[in-house]
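Take the sequence shown: its letter number 204 is residue 208 in the numbering used here, and every next letter is one higher.
These notes are about the structure you will find just below.
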Amino acid sequence: MKLLLLLAAAAFAEESLIGTSVKSDKWNIKRGDQKVEEFSGNVVYSKEGRHLKADWALYDHDRKRLDAKGNLTAEERLEDGTTAVAKGEKAAHDQTSGLGRLEGRTPAEGVAFLLKRPDGSEQGRGRADRAEWDMKARTVRLEGGVEVKEERGEAHAQTARFLQGAKRLELEGRRPVLTGVGPGWSAAVQADGVSAEALDGPRRRITGRGRAHGWLHFPQRGAFAP
């Protein structure tokens with residue numbers, strides 16, 4: 005799924021705050037045992053094609069931790085010109101551990117993801133109850149009611165885990181489903197667990213584990229293959 009692939013690429017982009025500009029209605033710096041900067045009202049972090057917007061943000065310089073909340077939107081412009089967008093209510097990222105998360109107001113409201121083409125049109129979208137990432141392990145995990153839809157297929161699962169280095173997607177929970185569409189074919193797999201590898205290559209591999217079933221459809225031939 006290209007949407008998950010590009011979201012992962014955005015998550016693992018350079019995380020340094022060097023060169024970042026910050027704008028807000030109010031700014032307060034606290035000096036004591038720790039240096040903490042608090043921003044409130046129309047907060048915008050900007051750096052070379054990356055933007056983070058929120059109602060409030062707090063950066064702890066000693067702990068190297070950023071917290072943000074309130075109508076949160078994160079955008080990352082990628083090398084191919086597409087833009088990955090994530091929306092939620094609150095987020096946190098620890099630069100030392102590399103761990104971070106994005107949550108909605110409630111699990112039911114969750115977080116939303118969007119992929120836009122260079123012309124601004126929508127290429128794909130998705131949602132989950134929450135998202136977590138590990139910069140050091142290079143993994144992104146979507147938890148709860150995961151749904152991803154794009155022009156090349158769909159994914160439905162309780163959890164989705166993406167391993168950036170291996171370009172591997174793992175779907176678990178509630179009999180996950182992964183579908184795909186290509187030139188002259190379409191396919192679907194449902195199983196207790198589904199994994200997909202080489203997502204950015206011409207020879208993608210999909211595997212179903214436990215009570216797996218699926219099909220391939222070739223419309224021009226009028227044929228199905230189980």
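We put the CB at the ideal spot given by N, CA and C, even for glycine.
No Cβ-Cβ contact shorter than 8 Å links Gly214 with Val193. About 7 Å separates the beta carbons of Gly197 and Leu175, which is inside the 8 Å limit, making them a contact pair.
DSSP, reduced to helix, strand and coil, places Gly130 within a strand of the structure shown.
Secondary structure of Thr211 (DSSP, three-state): strand. A Cβ-Cβ separation of about 17 Å leaves Ala112 out of contact with Arg105 under the 8 Å criterion.
Take the alpha-carbon of Trp189 and the one of Asp98: they are about 43 Å apart. For Ser101, no beta strand (DSSP E) run applies, since DSSP gives it neither H nor E. For Leu103, same chain residues with a beta-carbon under 7 Å away, outside a window of 5 residues either side, are Asp138 in chain order. Close CB contacts of Val89 within its chain, under the 6 Å cut and outside five residues either way in sequence, are with Glu79 and Leu118 (chain order). Arg209 and Ala200 have their C-alpha atoms roughly 6 Å apart. Beta-bridge annotation (DSSP): Gly218 is paired with Val193. By the neighbour-count definition (other C-beta atoms within 10 Å, threshold 16), Ala132 is a buried residue.
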